[in-house]
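Written out below as structure tokens is the structure these notes cover.
Following this line, the structure appears as structure tokens:
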């Protein structure tokens, strides 16, 4: 690493860190308004546990807006280089903007990997442990499942599903494929090898006496992996858990799309951050005779927010199955990189 790389990295790194810290502080301040969560955690483990809940929530939101925060920090860092005339001196030595980009891109890529694997995993696990201590107010806990297989269709409801969803208590099953509208009540139902197994239950039919059933099974395409994903928001899964879910038999297309989008988003985070960095260089790294950067900064920030909005829309489309998750995760990043490189080629090399 050359001395120029060290100067650029030090200047950009400090300004990006400052921007991340300011954004984290703003989010933490807004999250501290959730006094119910803070007071409940404080009653369990004291004020430190309540503060940990605020910090964890703020970190999670900070990771979500990291592309925009990095863009703003990089712009501030580049403007600092411009105001100190360090950018002019660097270019006077014959170093091109492409050479200046090399070290920041490597640093951002490494930082993105650390954020996706280590920081995100730590935040998810900590937030999960804190959520277990919170009462689930406003949630009845009732599970509704529409099932079908081998010509049978039915709706299964449970008021007390167990963790993981493979064991259900207080179950009512409405047999919608039955012409007379049968229903089954059971205290316990278990998911076993392509069927919902009912050890004991009572079957009700119109104009007939209730009938006791034992060791009865209803066929289903639902797997244990499907139920595991259904009981956990993909955003609440670590990258290792997401990989494990994708490796298992998740047959529900909607559930699998959400998990694939989460996994693709984590893997594509280096490209997204690199795209923000390239945009920052494209709009603020060029030579200027004056110290007026208002228009350039405005263009860069607006474009960064546009890319962020497009990325969020693509993420929702990928999770809903409208777009392929891999394309939805990487598409906006490639667009940002192409736009930034095109502007740099036009400004620095005079190419169109």
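Numbering (our numbering), first residue to last: 21 to 372. Every residue, glycine too, gets a C-beta built ideally from N, C-alpha and C.
Nearest-angstrom Cα separation, counted from residue j out to residue i
{"i": "residue 156", "j": "residue 357", "result": "Low confidence applies to residue 156: its pLDDT is 45, below 50, so where it sits in the model is not reliable, and the reading given next is rough at best. Roughly 43 Å between the two C-alpha positions."}
{"i": "residue 218", "j": "residue 268", "result": "25 Å"}
{"i": "residue 377", "j": "residue 72", "result": "Residue 377 lies beyond the residue range present for the chain, which begins at 21 and ends at 372; the question has no answer from this structure."}
{"i": "residue 76", "j": "residue 123", "result": "30 Å"}
{"i": "residue 293", "j": "residue 332", "result": "14 Å"}
{"i": "residue 352", "j": "residue 317", "result": "21 Å"}
{"i": "residue 243", "j": "residue 291", "result": "34 Å"}
{"i": "residue 13", "j": "residue 314", "result": "One cannot answer for residue 13 here, as it falls past the ends of the chain, which runs 21 to 372."}
{"i": "residue 97", "j": "residue 106", "result": "11 Å"}
{"i": "residue 346", "j": "residue 91", "result": "23 Å"}
{"i": "residue 364", "j": "residue 121", "result": "11 Å"}
{"i": "residue 188", "j": "residue 210", "result": "6 Å"}
{"i": "residue 171", "j": "residue 194", "result": "15 Å"}
{"i": "residue 117", "j": "residue 165", "result": "57 Å"}
Assigned exposure category for residue i - 16 Cβ within 10 Å defines buried
{"i": "residue 301", "result": "buried"}
{"i": "residue 303", "result": "buried"}
{"i": "residue 230", "result": "exposed"}
{"i": "residue 343", "result": "buried"}
{"i": "residue 32", "result": "buried"}
{"i": "residue 49", "result": "exposed"}
Same chain only: Cβ atoms within 6 Å of residue i, ignoring 5 sequence neighbours per side
{"i": "residue 276", "result": "270"}
{"i": "residue 192", "result": "177 and 205"}
{"i": "residue 101", "result": "31 and 107"}
{"i": "residue 295", "result": "353, 356 and 357"}
{"i": "residue 80", "result": "143"}
Residues near residue i by beta carbon distance below 7 Å, same chain, minus five either side
{"i": "residue 246", "result": "270, 271, 272 and 275"}
{"i": "residue 232", "result": "222"}
{"i": "residue 361", "result": "298"}
{"i": "residue 169", "result": "239, 240 and 241"}
8 Å CB neighbourhood of residue i in its chain, flanking five on each side removed
{"i": "residue 325", "result": "88"}
{"i": "residue 220", "result": "206, 207, 208, 232, 233 and 234"}
{"i": "residue 82", "result": "40, 43, 44, 47 and 89"}
If we require 3 or more residues per run, which beta strand (DSSP E) segments fall completely within the region 124 to 212? 163 to 169, 172 to 181, 187 to 195 and 203 to 212
Per the contact definition of three or more C-beta pairs closer than 8 Å, is the region 274 to 288 in contact with the region 55 to 71? no
With a cut-off of 8 Å, do at least 3 Cβ pairs link the region 327 to 343 to the region 62 to 70? no
On the three-pair Cβ rule with 8 Å, is the region 203 to 217 touching the region 228 to 246? yes
Does the contact criterion of 3 or more C-beta pairs under 8 Å hold for the region 108 to 125 versus the region 339 to 351? no
Could you give the uninterrupted runs of the alpha helix (DSSP H) lying entirely in the region 210 to 264, keeping only those of 4 residues or more? 244 to 250
Between the region 207 to 226 and the region 135 to 142, do at least 3 Cβ pairs fall closer than 8 Å? no
Runs of alpha helix (DSSP H) lying entirely within the region 23 to 98, each at least 4 residues, in chain order: 23 to 51, 55 to 65 and 67 to 84
When the Cβ atoms of the region 174 to 192 are set against those of the region 248 to 263, are three or more pairs found closer than 8 Å? yes
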